[in-house]
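Numbering (the working numbering), first residue to last: 1 to 278.
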């Protein structure tokens, strides 16, 4: 057989055998797509916050901390006093956006699992199921809920080394980014609230160890995928947040407990939060 016919035969053989080769292992056939790699399931738990967040950084896309000093050069939230009746109207019409139902996530009596694009994060539930780490201390987490509009899961993590500590974390299931709402003390004693139009996330932290003090942080939400950035804050001595309500997408109202008796209350609302953007 001359070289010409040899070349023709080889071309024919390759054309006929190509479908069989595509169907071989590691080569998807026509009309099929390659299977995505399985999402790993990873147990989360450390007795110190530094170790916890270092471990998370190796699992998720990013860990972003909202720490009190980051607000130092940002605007202070302006408050104006209102009556109890006015606050009651705002509170009555306010509908929190956080869905606290545990049924939204896979869970057992001992654990709950937060799904993200990069990993399924398994947390031990509640104090009675805490993980002990030798002589270091212990760790546990509490499921707080889900913000459906934002795809954010809310979890509080708690532990003990030499002292009790705790943080609120928000986990973005789509981007696999973990946001840490750092407290002004050793543990998370407040909570967080997303505005009606999903433009802001406000959170507060009450501390009473040495003297009464509260911190309110305001985070701006923008873009798609969403970005979260420190926006404004206020820190008040002698006051503790008792209740919170969004008035609309650009203003909120707060009920403060003040005074040593614990029975004195004051009521305030913010001005238009868009003023900080001008």
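In this text, a Cβ means the ideal position worked out from N, Cα and C, and glycines have one as well. Model, not experiment: these values are computed from the prediction.
- For residue 245, the enclosing beta strand (DSSP E) stretches over residues 239 to 248.
- Secondary structure note for residue 86: its alpha helix (DSSP H) is the uninterrupted segment 84 to 93.
- Around the C-beta of residue 205, 16 or more other C-beta atoms lie within 10 Å, and the residue is accordingly described as buried.
- Taking a contact to require three or more Cβ pairs closer than 8 Å, the segment 146 to 158 and the segment 63 to 74 do not qualify as touching.
- The beta-carbon distance between residue 253 and residue 140, rounded to whole angstroms, is 33 Å. This is too long to meet the 8 Å contact definition.
- Bridge partners of residue 228 according to DSSP: 221.
- Contact between residue 268 and residue 81 holds: CB atoms are separated by about 6 Å, below the 8 Å threshold.
- Using a Cβ distance threshold of 8 Å, residue 266 and residue 276 do not count as a contacting pair.
- Annotated as distal: residue 200 and residue 177, with beta-carbon spacing of 8 Å or more.
- Residue 233 counts as buried, since no fewer than 16 other beta carbons sit within 10 angstroms of its beta carbon.
- Annotated as distal: residue 203 and residue 223, with beta-carbon spacing of 8 Å or more.
- Contact between residue 214 and residue 180 is absent: CB atoms are separated by about 19 Å, not below the 8 Å threshold.
- In the structure shown, the three-state DSSP call for residue 117 is coil.
- Separation of residue 171 and residue 117 (C-alpha to C-alpha, rounded to the nearest whole angstrom) is 11 Å.
- Under DSSP, residue 81 forms a beta bridge with 268.
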